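The next block holds one structure in the form of structure tokens; read it before the comments.
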Amino acid sequence: MHSLTFSHTTFSQRFSQQQPQSRRQRGFSLIELMVVIGIIGILSGIGIPAYQSYTQKAALTDMLQTMIPYKTASELCSIDLGELATCNNGVSSIPASKASRYVSAIEVKAGIITLSGQQALNGLSVVMTPVVNKLDGSIDWTRQCTLAGNEGLVNACKQIFHFSDPSTR
1 MHSLTFSHTT FSQRFSQQQP QSRRQRGFSL IELMVVIGII GILSGIGIPA YQSYTQKAAL
61 TDMLQTMIPY KTASELCSID LGELATCNNG VSSIPASKAS RYVSAIEVKA GIITLSGQQA
121 LNGLSVVMTP VVNKLDGSID WTRQCTLAGN EGLVNACKQI FHFSDPSTR
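This is the structure we're talking about:
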């Protein structure tokens, strides 16, 4: 018959026997840490401007959505009254000025819509000017985006607020 023998060694004793004592865990060297910090710096240098551009375009979309009812109402006012000269905030179906997250004020005078930006669009001014087409009486819109010192946001504004602008034909 076979006899079973039990050893009285503990787990820690067995583990220490399997691992050589000369092998110690070491941390990262200074050079390795500097390389990682450099990589993070490069990635953030690319990522942060891209993210800012993305948030500005989202804010411009909010500004556009806030402006659309005023644009439609100005067109209807022109049809109802036969002219744009008296199409102002509160006249005909044009709503009173309303603010949104990125728009501090909307002003409509003689059908011309002026939006003032705030937060991510602080300092941006968008002017939408209706131009009556002499051939068919339809209304085309010209747009002017202005902001000193931020050509990227102005270009994004021109892309977002692109309607039937006769100056781009």
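According to UniProt numbering, the stretch in the sequence shown is residues 1 to 169, in order.
Think of the CB as a built atom: it goes at the ideal place given N, C-alpha and C, for glycine as much as any other residue.
Note that the structure is predicted; figures quoted are calculated from it, not measured.
**Item:** Segment limits, beta strand (DSSP E) that includes ASP140
**Value:** 139-146
**Request:** Using beta-carbon positions only, say whether residue 170 and TYR102 come within less than 8 Å of one another.
**Result:** Given a span of 1 to 169 for the chain in the structure shown, any question on residue 170 remains unanswerable.
**Request:** State the beta-bridge partners of GLU107 as determined by DSSP.
**Result:** THR114
**Message:** Applying the 10 Å Cβ sphere with the 16-neighbour rule, what's the burial state of GLN65?
**Reply:** GLN65 comes out exposed.
**Item:** Pairwise C-alpha distance: GLU151 and ILE112
**Value:** 23 Å
**Prompt:** Taking C-alpha atoms, which residue in ARG26, ILE139, HIS162 lies nearest to LEU83?
**Reply:** Just to set this straight, residue 83 is Glu in the shown sequence, not Leu. Of ARG26, ILE139, HIS162, the residue nearest in Cα terms is ILE139.
**Prompt:** Is the segment 89-96 close to the segment 65-78, with three or more CB pairs under 8 Å?
**Reply:** Pairwise C-beta distances place the segment 89-96 in contact with the segment 65-78, as three or more of them are shorter than 8 Å.
**Asked** Between which two residues does the alpha helix (DSSP H) carrying THR72 extend?
**Response** 30-81
**Prompt:** Does the distance from the CB of MET63 to the CB of GLY123 come in under 8 Å?
**Reply:** Result no, Cβ atoms of MET63 and GLY123 do not sit closer than 8 Å.
**Item:** C-alpha gap between TYR51 and ASN155, whole angstroms
**Value:** Approximately 16 Å between the Cα atoms of the pair.
**Message:** What does the alpha-carbon distance come out to for the pair PHE161 and GLU107?
**Reply:** 17 Å
**Prompt:** Thinking C-alpha only, which one of TYR70, ILE42, VAL131 is nearest ALA99?
**Reply:** TYR70
**Asked** Given that a residue counts as buried once 16 or more other Cβ atoms are within 10 Å of its Cβ, and exposed if not, what is PHE163?
**Response** exposed
**Item:** Of the residues GLY47, CYS157, PRO130, SER53, the one placed nearest ALA110, counting alpha carbons only
**Value:** PRO130
**Message:** For a quick check, are the C-beta atoms of VAL127 and ARG143 less than 8 Å apart?
**Reply:** yes
**Request:** For GLN159, count neighbouring C-beta atoms within 10 Å of its own C-beta (all shown protein chains included) and say buried if the count is 16 or more, exposed if not.
**Result:** exposed
**Request:** List the DSSP bridge partners of VAL127.
**Result:** THR114, GLN144
**Item:** First through last residue of the alpha helix (DSSP H) which encompasses GLN119
**Value:** Careful: GLN119 lies outside any alpha helix (DSSP H) and carries neither H nor E.
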